[in-house]
Structures are given as C-alpha cells and as structure tokens.
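Here's the structure we're looking at; comments come further down.
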Ligand code: C2E
Ligand code: MG
Ligand code: MG
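What follows is the structure, encoded as structure tokens:
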C-alpha cells in the first residue's frame, strides 16, 4: 500500500495530538520492549514512531538504536506494506544494504516488525525485535503475540490521549443522572447502621490441584424488601457520595473478624488469605496503611492473611500517591493484587514498577478463550507477562471445564469462577475449609451438595 495524502495527514494529526514526536524515549514503554525481547529471545526490541521525515525511538531494550530518516527505516516498510515485515538478513536487504541501521554497539541481522496503530487503524509507529544472528522467522502464532504487544502500546497511547483531553461535562452529567436514582446516600447509611451488608466469599484455587489458596470477599446488600443486591448496584454510587469509606471500613473489619473466626475453628492450619476489594476513593484516602494496620491489630489478624485488590483505574489517576500507599501496605506484609487486568488502559509500565504480588486476568478475556486464536493469545501473553514480572496469575470468571483445561495447559497458576465455586456465605466456606487438603471436589459434586450462593 502506498500512503495517500489524506491518510498521511490523519496519521500525523494523531501523532501531533499525542505530542509524542520529537520527545525523548519514555520509560512507559520499556516494559513492552522488555517483554518482546524476552518473549522472543531477541537481542533487542524497539518501539518507534514516524513523522513525515524521521523515525523517533520511544523505547529500546537490549541494544540502542538511534533516531533516523524515515526513508531508511523499517517503519517505512511497515507503512508501505500496511502490516508486519520480516527481514531475514538486513545486510543483504535492498533498503539496508547501503544505509545500515545504526545500533550503538552491535549490529543486527534479523528483524521482525509489526505496526503500532491508533485505535482507528492508522499506523503510527512500529514495534521491532532484532537478532544479531540469522534465525527462523516467527510462526503465525508468534507473530500474533508480537502484534498483541504492539496493541499494548496502543493502550498506552489511549491513556495518554485521555489524560490530555478530559471530558468534564460528561462526567458531571452522569453523576447527576445517578444521583436522581436509587439508592440515596441516606439509604446506604441506614443499611450500614442496621447491619444489612454481608460478605460472601469466593474460593480461589490452584488450578493444578484444586486446592483453595485464597478467598475473595465480595460485598452484598441484604435489603429487607429488595433482597440481595449485588455490589455493582450500589458500590459505584457509594464511591461517588463518599459512603464507600464507612462501608469499606466495615468490609475490611468484617473480613478481619472472619479470618479470626476461621483461625479459631482450625488453629493448626493457617486460614487461606482473604482478599478485599478496594475502590479508588478508599485506596487514595490519607493514612490508608495506618488505618489497615489498626484494623488488623483490633481483630488480632496477621497481615499475611489479608490481601487487597485494586484496579487500574484506582492506581492510574494518581500514580505517585498510589505508589506510596502500596509500598506502605506491602511493608505491613499485605499482598496486593491487580484486579480486572486488561480492562483499563493496561499499562505494563506501572505493572512493572508497582509492588503487586498478584495479577488477576479479567473475566472478559477468560470468557473468550474458547472463541478463537486471538483471545487465547491475549491470555497467553498476559500469563507470560506475569511470569516475567514474577507475579502470581489468577484467571477470573472461569465458567466452563474447557476454560479450566485451557488455562491449566497454558500454565495459569490459579483461578476462580462459577465453574470452580460461586461466592457463598462464610458458613458454607467453613465446610470447604474442612475438606482434606482443602481440595475442592468436582463442580458437579459441589453443586449436588448444595454449594450455590
Ligand atoms: P471483582 O473484584 O472483579 O469480583 C469478581 C466478580 O466476578 C464478583 O462479582 C464475582 O461474583 C464475579 N464472578 C466470579 N466468578 C464468576 C464467573 O465465573 N462468571 C461471572 N460472570 N462472574 C463471576 P460481584 O460479587 O458482583 O462483584 C462485582 C465487583 O464489585 C467486584 O469485582 C468488585 O470490583 C466490587 N466489589 C465487591 N465487593 C466489594 C467491596 O467490598 N468493596 C469494594 N470497594 N468493591 C467491591
Ligand atoms: Mg476483585
Ligand atoms: Mg475482578
């Protein structure tokens, strides 16, 4: 494909809006080049963006390469072909024979490059892996993995744009819409005072053995007329009106009290770690770590028995505060999980720099792994990413035996989901904890015994 003028100008418009040209390399992309280099055992990986005349290097891993004229770049080939480019031998390739790609130390022979696209498809740059020695080209699955990594760059770019152009009018409107509807903050206060909130617990198992390794605490509102209300129907509003702070405190102390009860019931064994979800406002409140420490003391619970889950959207708006809070929580000995990974603006950069212990793959990915090669490959890449970053990986929302099998085969360590066990009241968990080795029976057996919440 040759670029026509309109395509070129809309491409440049996106790049200018991103303010990404003519700026130095950015650490935000280093995890992607690292992942690409390690995953494909390449000597170097590079992320570059190209304007009319030049190619700007945004990140490199391994060997450094310099910013260069576009005409002599692999980016130009990617643009012309509108897709991936493999160069078996740079030394004999007509484009590079006379204009060597200038690396700082070593010279590279083999290259595979895939486009980095804007969300509407324009090619903005490329992600390239290099090798010093000739090697076999990537097979189609591997090529797809590299393309997934380029999509991770696109996610980063989206985040960058979002930060530049917020839409305050829209946010205010949606907040007003919600306020008009049920519940009101007084309903939440009353519910808290009359003890209408309950925690259910969903087992998290080691996929290979089905042993319970953790329990996720999930709040429900047991409303006298409306019945059991799921968290998504009141937590977002509680977050908006500030009631999330007292409700969240109740959840944290209740989880700690429950850990204590399980310890008493079974003093020989440690109870599995209980993980509590934190929303953004709870996460960013001042003195969170001190507060959690006080709750642990009051309930006589040990910190290693508590885990906290947070999502990308809690961490991203205030990266510096988030980092400080997380370091303090970790210093207490509490484990930290990145929840719903992949749904936000999954930025590998902060995943690497924040002290997470666990990465939870969002159930939207897990739900699609049997649909075809692409969703499967995304999950495979996330599992690989977790392995490289030394994080325990948990697949959320496993609903079928096929999903369970595929995840196990792909080397996913842990999982949770309706297929394994539903969230259930604490009393039902009691009997699961008495199972030999805490190994869960087959889902059908579990269901036949009445374990449904
Ligand atoms: P989450 O932390 O991602 O929790 C997992 C959600 O997935 C739970 O929904 C769980 O019931 C559901 N789930 C588990 N396995 C499956 C499955 O196989 N298929 C499907 N379709 N769903 C599955 P739930 O309990 O409705 O909670 C929704 C969200 O509400 C949670 O998402 C969490 O973000 C939030 N939340 C829950 N409890 C609390 C809390 O105490 N505090 C705060 N701040 N947020 C909470
Ligand atoms: Mg969670
Ligand atoms: Mg989740």
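Numbering (this note's numbering), first residue to last: 1357 to 1809.
Even glycine gets a Cβ: it sits at the ideal position worked out from N, Cα and C.
Just so it is clear, the structure is predicted and the values come from calculations on it, not from any experiment.
Exercise for the section: Report buried or exposed for residue 1367, applying the criterion of at least 16 other Cβ atoms within 10 angstroms of its Cβ. Expected result: buried
Problem - Touch test, the stretch 1590-1607 against the stretch 1637-1648, Cβ-Cβ under 8 Å, three pairs minimum - result: yes
Practice task
Output the residue ranges of the beta strand (DSSP E) runs that lie fully inside the stretch 1621-1690 and measure 3 residues or longer, sorted by chain position.
Solution key: 1629-1633 and 1662-1667
Handout entry: Where residue 1588 falls: helix, strand or coil (DSSP)
Key = helix
Exercise for the section: Report yes if the C-beta of residue 1578 is less than 8 Å from at least one heavy atom of ligand 1; otherwise report no. Expected result: no
Practice task
Report all residues for which the CB-ligand distance to some heavy atom of ligand 2 is below 5 Å; order them along the chain.
Solution key: 1633, 1665 and 1695
Practice task
On the DSSP bridge assignment, give the partners of residue 1810 in chain order.
Solution key: With the chain represented from 1357 up to 1809, any question about residue 1810 goes unanswered, as that position is not in the structure.
Exercise for the section: Sort out for me which residues DSSP pairs residue 1442 with in a bridge. Expected result: 1468
Handout entry: Endpoints, beta strand (DSSP E) assigned at residue 1482
Key = 1479-1487
Handout entry: Cβ contact check for the stretch 1756-1769 and the stretch 1588-1597: 3 or more pairs under 8 Å
Key = no
Exercise for the section: Can you tell me which of 1775, 1628 and 1538 puts its alpha carbon nearest to the alpha carbon of residue 1800? Expected result: 1775
Exercise for the section: Report yes if the C-beta distance between residue 1376 and residue 1483 is below 9 Å; otherwise report no. Expected result: no
Handout entry: Complete beta strand (DSSP E) runs within the stretch 1366-1443 (minimum length 3 residues, chain order)
Key = 1400-1406, 1410-1418 and 1441-1443
Exercise for the section: Report yes if the CB atom of residue 1687 is closer than 9 Å to the CB atom of residue 1722, and no otherwise. Expected result: Contact flag unset, no.
Handout entry: CB of residue 1400 within 9 Å of CB of residue 1430, strictly
Key = no
Practice task
Could you work out which residue in 1569, 1493 and 1384 is closest to residue 1557 when comparing CA atoms only?
Solution key: 1569
Exercise for the section: Can you tell me the Cβ-Cβ gap for residue 1384 and residue 1512, rounded? I've got them flagged as a contact below 8 Å. Expected result: 6 Å
Handout entry: Meets three-Cβ-pair contact criterion under 8 Å: the stretch 1438-1446 and the stretch 1419-1428
Key = Contact fails: fewer than three Cβ-Cβ distances are below 8 Å.
Practice task
From the DSSP output, in three-state form, read off residue 1708 for me.
Solution key: It is helical.
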